[in-house]
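Novice:
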Amino acid sequence: MPKVEAPVEKWRGRVQEVRLGGDGRKQVTVGGESTLPFLHFDGEIPHRPVIAAEVLDMPPADWAENVVSAWGDALKSPAAWAKKAAQLGADLIFLRLASAHPEQGNTSGAQAAKTVSQVMEATDLPLIVVGPDVAEKDNEVIVAVAEAARGQRLALGTVTDKNYRTIVATAMAGGHAVVAQAPMDMNLSKQLNILCCDVGLPKDSLVMDPTTGALGYGMEYALSVFERLRLAALQGDAMTAMPILCHAGYESWRQKEAKAVEGVPVSWGDQKVRSLLWEQMTALTLLQSGAEIMVLRHPRSMDVVRGVIDRLMARQGPVS
Amino acid sequence: MALTAIEIYKYLPKTNCKDCGFPTCLAFAMKLAQKGAELSACKHVSEEAKSALEAASRPPIRLVTIGKDGRKVEVGNEVAMFRHEKTFYHQPGLLLRVKDSAAPDKVAQEMAAVASYKVERVGMQLSWNGLAIQNDGGDKAAFLAAVKLAQAHPELALVLMSDDPDTMAAALGDPAVAGRLPLIYAATEANWQKMAALAKQHKCPLAVRAGGLDALATLTEQVAAAGIEDIVVDPGARDFGDSLNALTQIRRLALKKSFRPLGYPVITFPGEKASSQEEEVLLATQHIARYAGVIVLDHFSPAMAYPLLTERLNIYTDPQKPLQMQAGVYPFGKPDPASPLLVTTNFSLTYFSVSSEIESSGFPTWLMVVDTEGQSVLTSWASGKFDAEKISKAAKNFKVEEKIGHRSLVIPGAVAVLRGELEGEFPEWKIMVGPREAVGIGPFLKQNWAR
Ligand code: SF4
C-alpha cells in the first residue's frame, strides 16, 4: 500500500480549443486542457503551448541592439523576417502592422493586405495579425487583411471593449478568429468575451489577451489574472475558458532592465544575459500560469523557452 | 491550520470554573481562536489535551529557520496554493553551491561575490542568502577547508552537503560552524540515524532526501520520531516536469490533506539537470513561483541574480496590498530644469505603466509620485486621496520648485476635473491635462516638448 495518496484534482471544465491556420497549410491548435498548466497527473493537455514570433511590417525603431543583430537583415522585410522565424522554429507569426499608425507612416489597408499576402507566401505558419492599436486604423487595416486572407483562419486584433464590432464582424465573415484584449482584470476579460460572443462570434474563434506585465513591472498581477481565469475555466465557466495569449517579448524588451547597456548599476550585470533572462523568465512564469500562445522577440528566447516547454510536456511517471 | 473555537472547546475541561478570567470555557476558547489569549491561562487542561491542541494548531507547513542572523532563511508556514488566495509569505532562500573539489582561491572568490552582492529595487536592498558547500569527492579535509573559507562570511546562511556522517560531524565539530545553525544535507535511508543525532546535538535543521514521495514521507516520520522538528525535504526531482509535479503534490498534501510527513519546506537544485545557464535560471524561476523553500543554484552572476531577486519579490508581494511606490520625484533619462513634470499616484501598477511609457518615449522627464496609499488614479481621486491639496503638498515636500525651472504640471487625463482646483492651489502654474491612458504619454510628450 502506498503511503502517500497522490492528491489529484479533477476539474469539470476544459479550456476551449482554437484552431488557427488555413487549409493545406500548417495549422496550430491551442487549448483543450482539463488541468492546470503542465500538471499531467490531474488531467489532459492535448496541445502544447506555442511560440509566436513577433514580426513588424517595418524595421523596428527602438529595439535593443542585441535583438536587432540577432535578426539581422531579416528585419528589413516582414516576409524575410517571418521566413527566418519559421526556420528558427516559431509555431506562429505574430504580425504587428505598426506602419499603419498615423505617426509611423499611416499606411493603408491595401498596403496591409499586400504585406500579409507576402508574409503568407514566405511561410505557411498560421498568422496573428494586429493593427497599430489606434481604433480607426485597426479597423481599416484589419478589414483589408481579413478579406485578402479569406479562409486562412488568422487571429485578428486587437479587439477591445471600445472597439470590437467591426473586427469581430470581419473575422466572422472571413472565417477568422480574434484576439480580445482587456486591461489586466479577470472580469473585464470575461465581459469582453461575452460581448464578442453576443454578436455571434463562435467560442472557438476567440483568444484572450488579458494584458501582460513584465518581470518587475506588474508580472505578478498578470500571473494572478491568468490563474484566476484558468481556475474559473476549469471550474466550468465557458466564458473564461478561451486560450490565453501573452506578450512576454514586447513587455519585457521595452523595460530599462532589458534595454539599458550603460548608465545602470553594476549589480544589474551584463545586459546581453540580463535582457534575455528578463524575457524568458516573464515567459516561463506566465506559461505556468496559463498562457497558451507566447509571443516572443529574441530568437534565443524562442529556442530556450521551447526547450523548457518540451521538458514540461514530457509526461512524468508517478511521483509517489 | 488555525483551529475554530468549537474545535478548541472540545479539549477544555468544560467546568466553567472562571479561573482563566473568562466566564465560560467556550468564551475562553473563542478568545484563543482569535489568538487573544494563551492556553496557559487555564490551569486545568490535561497534558494530553495540551499536546493535542498544540499539534492541531501547528501550521500545515513547518516554519524552518536556517542560520541565525544576517541573511538567515526563514521558510515554510505557507497557507495558499495560489497567491491571489493568500500572500506567499516566506521568500525562498537563494543560495550558491560551491564544491570542495574546486580550487580554493576560486571558491573563496565565489563566496566573496555572493557575500558582497547587493542590488536596489523599488527602494529595497536585495541580496543573495547564502552558500551551500558540497563535499564532492568524499575527502574530509577538503570539505573542512571549504567550510573554513565560508567562515569569512558569517552573515550568510549555510547548507552543509555531505552524505557521510563522519565528515558532517567533523565540520559541525567547530562550534563557530555549528553556531551558525546551518542546514545539514542530507539524511537518507542509509544514514538517517547518525544525521538525526547530529542535528539534535547541534540543534540544526536537517534536510531529508529520498526518491519519490512515499520513501520521503517514510523517512521524515522516522526522523521526526527521533526528535527532529526542523526538517527540509528533497523529493529528488531535478527536472522541470518532475519538480513541478513533486512540489505541487507536496504543497497540496500539506495544505489540503494536512499530511504531516510532508508538511515541510522543500529544497531544490535547479542546476543539476539544466543544459544551459539560462535553463538553470528558468528552473529556479519555476521553483520560486511553484513552492520551493530553499533554492541552491550552481552559478552566480549579477545578470542572473538581479532578475531572480526581482522574480522572488514579485511572487511574494501581498496581492491585497499591492506594492506601493515610494512617493517622490523620479528622474527619467537625465532630465534638466526645463524637462516636463508629470504627476501620478503611488499605486505600483499605475507607476509601472506610466514609467515604462516615459522610459520608452526616450524623453527626459520628471515624474512626481504622490502617496495615495497605493490607490490608482481614479480610485484615489474618488476617495479624496489625490486632490489639489495633496498634490500641492507633495510638490512642496519634494521641493519641486528647486528642481524645475518652468512652471507647468501635467496631470492624468482621467482627472482633468482637478485642473481648476489645482490652478487655485498653484496660481503661478500652468496645469496641463495629459492623456487618459498611459500609452498616450509618448505622443503627448512628443507633441508638447519636441525641440
Ligand atoms: S480556567 Fe479552564 S476550565 Fe476554567 S473556565 Fe477557563 S477554560 Fe474553563
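Each protein sequence line maps, in turn, to chains A and B.
FYI, the numbering for the first sequence is -11 to 308, going by our numbering.
FYI, the numbering for the second sequence is 158 to 608, going by our numbering.
Don't be surprised by glycine CBs; every beta carbon is placed ideally from N, CA and C.
1) Quick one, are the C-beta atoms of Leu115 (chain A) and Thr103 (chain A) less than 8 Å apart?
2) Under 8 Å, do Gln140 (chain A) and Met160 (chain A) count as touching if we go by C-beta distance?
3) Since Tyr463 (chain B) meets chain A, which of its residues come closer than 8 Å, beta carbon to beta carbon?
4) On the three-state DSSP scale, how would you describe Thr200 (chain A)?
5) Between which two residues does the alpha helix (DSSP H) holding Asp262 (chain B) run?
6) Once DSSP output is grouped into helix, strand and coil, what is the label at Ser565 (chain B)?
7) Buried or exposed: which applies to Gly60 (chain A), given that a residue is buried once 16 or more other Cβ atoms fall within 10 Å of its Cβ?
8) Flag Glu208 (chain A) as yes if its beta-carbon sits less than 8 Å from any beta-carbon of chain B, otherwise no.
9) Fully enclosed by the stretch 12 to 97 of chain A, which beta strand (DSSP E) runs are 3 residues long or longer?
10) From the DSSP output, in three-state form, read off Ile232 (chain A) for me.
11) Does the stretch 24 to 33 of chain A come within contact of the stretch 248 to 267 of chain A, defined as at least 3 CB pairs closer than 8 Å?
12) Using three-state DSSP, classify Met325 (chain B) as helix, strand or coil.
13) Who are the Cβ neighbours of Pro476 (chain B) in its own chain at under 7 Å, not counting the five residues just before and after it?
14) When every heavy atom of the ligand SF4 is checked, does at least one fall within less than 7 Å of the C-beta of Leu210 (chain B)?
15) Could you check how far apart the C-beta atoms of Ile130 (chain A) and Leu113 (chain A) are, in whole angstroms? I think they sit under 8 Å.
16) Return yes when at least one heavy atom of the ligand SF4 lies under 7 Å from the C-beta of Thr181 (chain B), else no.
17) Do you know how far the Cα of Leu363 (chain B) is from the Cα of Ala343 (chain B)?
18) When DSSP labels each residue in this structure, what does Met352 (chain B) get in the three-state scheme?
19) Check whether the Cβ of Leu439 (chain B) lies closer than 8 Å to any Cβ atom in chain A.
20) How would you list, in chain order, the residues of chain A whose beta-carbon sits under 7 Å from the beta-carbon of Leu506 (chain B)?
21) Would you say the beta carbon of Lys175 (chain B) comes nearer than 7 Å to a heavy atom of the ligand SF4?
22) In the DSSP assignment, find the unbroken alpha helix (DSSP H) run with Ala198 (chain B) in it and report its ends.
23) What residues in the stretch 387 to 415 of chain B bring their beta carbon closer than 8 Å to a beta carbon of chain A?
24) Quick check: what's the CA-CA separation for Gly541 (chain B) versus Gly428 (chain B)?
25) Relative to the ligand SF4, is the shortest distance from any of its heavy atoms to the C-beta of Thr161 (chain B) smaller than 7 Å?
26) Using the Cα positions of Ala381 (chain B) and Ala212 (chain B), report the straight-line distance between them to the nearest angstrom.
27) Is DSSP giving Met290 (chain A) helix, strand or coil here?
28) Using a Cβ-Cβ distance cut-off of 8 Å, determine whether Arg216 (chain A) contacts chain B.
29) Cβ-heavy atom distance between Leu169 (chain B) and the ligand SF4 below 7 Å?
30) Under 7 Å Cβ to Cβ from Ala78 (chain A), same chain only, skipping five residues before and after it: list those, please.
31) Chain B partners of Gly295 (chain A), CB-CB under 8 Å?
32) Starting from Asn151 (chain A), follow its DSSP beta bridges and name the residues at the other end.
33) What are the boundary residues of the alpha helix (DSSP H) that includes Pro600 (chain B)?
34) My guess is that Pro492 (chain B) and Trp606 (chain B) are in contact by the Cβ rule of under 8 Å, so how many angstroms apart are they, rounded?
35) Determine the contact status of Thr425 (chain B) and Ile452 (chain B), defining contact as a CB-CB distance below 8 Å.
36) What number of angstroms, rounded off, separates the C-alpha of Lys430 (chain B) from the C-alpha of Gly257 (chain A)?
Specialist: This is what the structure gives:
1) Along the first sequence, one-based indexing puts residue 115 (chain A) at 127. Along the first sequence, one-based indexing puts residue 103 (chain A) at 115. Taking a C-beta distance under 8 Å as the contact criterion, Leu115 (chain A) and Thr103 (chain A) do not qualify as a contact pair.
2) Locating residue 140 (chain A) in the first sequence gives position 152, where the first residue counts as 1. Locating residue 160 (chain A) in the first sequence gives position 172, where the first residue counts as 1. When the beta-carbon positions are compared, Gln140 (chain A) and Met160 (chain A) stay at least 8 Å from each other.
3) Within the second sequence, numbered from 1, the residue matching residue 463 (chain B) stands at position 306. At a C-beta separation below 8 Å, Tyr463 (chain B) has these neighbours in chain A: Glu245, Ser255, Trp256, Gly257, Arg262.
4) To locate residue 200 (chain A), count along the first sequence from 1; it is residue 212. DSSP, reduced to helix, strand and coil, places Thr200 (chain A) outside both helices and strands of the structure shown, so it counts as coil.
5) What you label residue 262 (chain B) is simply residue 105 of the second sequence in a count that begins at 1. Per DSSP, Asp262 (chain B) belongs to the alpha helix (DSSP H) from 261 to 273.
6) Position 408 of the second sequence holds residue 565 (chain B). If DSSP states are grouped into helix, strand and coil, Ser565 (chain B) belongs with the strands.
7) Locating residue 60 (chain A) in the first sequence gives position 72, where the first residue counts as 1. Its Cβ having fewer than 16 others within 10 Å, Gly60 (chain A) is exposed.
8) Taking the first sequence and counting its residues from 1, one reaches residue 208 (chain A) at position 220. Yes, Glu208 (chain A) counts as interfacial toward chain B.
9) Whole beta strand (DSSP E) segments, 3+ residues: 16 to 18, 38 to 44, 80 to 84.
10) Here residue 232 (chain A) corresponds to residue number 244 of the first sequence, with the count starting at 1. In this structure, DSSP gives Ile232 (chain A) an extended state, which the three-state scheme calls strand.
11) For the pair of segments examined, the stretch 24 to 33 of chain A was found not to touch the stretch 248 to 267 of chain A: the number of CB pairs separated by less than 8 Å stays below three.
12) As a first step, residue 325 (chain B) is located in the second sequence; it is residue number 168 there, counting from the start. The answer is helix: DSSP assigns Met325 (chain B) an H, G or I state.
13) Translated into positions along the second sequence, residue 476 (chain B) becomes position 319. So the qualifying residues of the chain are Arg240, His241, Thr244.
14) Residue 210 (chain B) sits at position 53 when you count from the first residue of the second sequence. It does not: the Cβ of Leu210 (chain B) is nowhere closer than 7 Å to a heavy atom of the ligand SF4.
15) By 1-based counting over the first sequence, the position of residue 130 (chain A) is 142. By 1-based counting over the first sequence, the position of residue 113 (chain A) is 125. About 19 Å; that fails the 8 Å criterion.
16) Reading the second sequence from its first residue, position 24 is the one you call residue 181 (chain B). At least one heavy atom of the ligand SF4 falls within 7 Å of the beta-carbon of Thr181 (chain B).
17) Looking up residue 343 (chain B) in the second sequence gives position 186. Looking up residue 363 (chain B) in the second sequence gives position 206. When only Cα atoms are considered, Ala343 (chain B) and Leu363 (chain B) end up about 7 Å apart.
18) For this step, residue 352 (chain B) is matched to residue 195 along the second sequence. In this structure, Met352 (chain B) counts as helix in the three-state DSSP scheme.
19) Stepping through the second sequence from its first residue, residue 439 (chain B) is reached at position 282. Answer yes: the Cβ-Cβ gap between Leu439 (chain B) and chain A drops below 8 Å somewhere.
20) Here the question's residue 506 (chain B) lines up with position 349 in the second sequence. The answer, in chain order, is Gly206, Tyr209.
21) If you number the second sequence from 1, residue 175 (chain B) lands on position 18. Because some heavy atom of the ligand SF4 lies under 7 Å away, the Cβ of Lys175 (chain B) counts as near it: yes.
22) Indexing the second sequence from 1 puts residue 198 (chain B) at position 41. Ala198 (chain B) -> no alpha helix (DSSP H), and no H or E assigned at all.
23) Flagged, chain order: Pro392, Ala394, Asp396, Phe397, Gly398, Asp399, Leu401, Asn402, Ala403, Thr405, Gln406, Arg409, Leu410, Lys413, Lys414.
24) Counting from one through the second sequence, the residue named residue 541 (chain B) turns up at place 384. Counting from one through the second sequence, the residue named residue 428 (chain B) turns up at place 271. When rounded, the distance between both Cα atoms is 51 Å.
25) Residue mapping note: residue 161 (chain B) aligns to position 4 of the second sequence, counting from 1. It does not: the Cβ of Thr161 (chain B) is nowhere closer than 7 Å to a heavy atom of the ligand SF4.
26) On the second sequence, position 224 is the one that residue 381 (chain B) refers to. On the second sequence, position 55 is the one that residue 212 (chain B) refers to. Rounded to whole angstroms, Ala381 (chain B) and Ala212 (chain B) show a C-alpha spacing of 13 Å.
27) Counted from its first residue, the first sequence places residue 290 (chain A) at position 302. DSSP places Met290 (chain A) in helix when its eight states are reduced to three.
28) If you number the first sequence from 1, residue 216 (chain A) lands on position 228. Closer than 8 Å to some Cβ of chain B, the Cβ of Arg216 (chain A) qualifies, so yes.
29) On the second sequence, residue 169 (chain B) is found 12 positions in, with the first residue counted as 1. True, at least one ligand heavy atom lies under 7 Å from that Cβ.
30) The residue you call residue 78 (chain A) lines up with position 90 of the first sequence. Listed in chain order, the non-local C-beta contacts of Ala78 (chain A) below 7 Å within the same chain comprise Ile39, Ala40, Ala41, Leu113, Met290, local neighbours out to five positions each way being set aside.
31) Residue mapping note: residue 295 (chain A) aligns to position 307 of the first sequence, counting from 1. By Cβ distance, chain B contributes Ser432, Glu436.
32) The count along the first sequence starts at 1 and reaches residue 151 (chain A) at position 163. Under DSSP, Asn151 (chain A) forms a beta bridge with A:Thr148.
33) Locating residue 600 (chain B) in the second sequence gives position 443, where the first residue counts as 1. According to the DSSP assignment, Pro600 (chain B) belongs to the alpha helix (DSSP H) that extends over 598 to 606.
34) The residue you call residue 492 (chain B) lines up with position 335 of the second sequence. The residue you call residue 606 (chain B) lines up with position 449 of the second sequence. Cβ-Cβ separation between Pro492 (chain B) and Trp606 (chain B): approximately 11 Å, too far for a contact (criterion under 8 Å).
35) For the purposes of this step, residue 425 (chain B) is identified with residue 268 of the second sequence, where counting begins at 1. For the purposes of this step, residue 452 (chain B) is identified with residue 295 of the second sequence, where counting begins at 1. Yes; because the gap between Cβ atoms is below 8 Å, this pair is in contact.
36) Here residue 430 (chain B) refers to the residue found at position 273 of the second sequence. Here residue 257 (chain A) refers to the residue found at position 269 of the first sequence. Looking at the two C-alpha atoms, the distance is approximately 24 Å.
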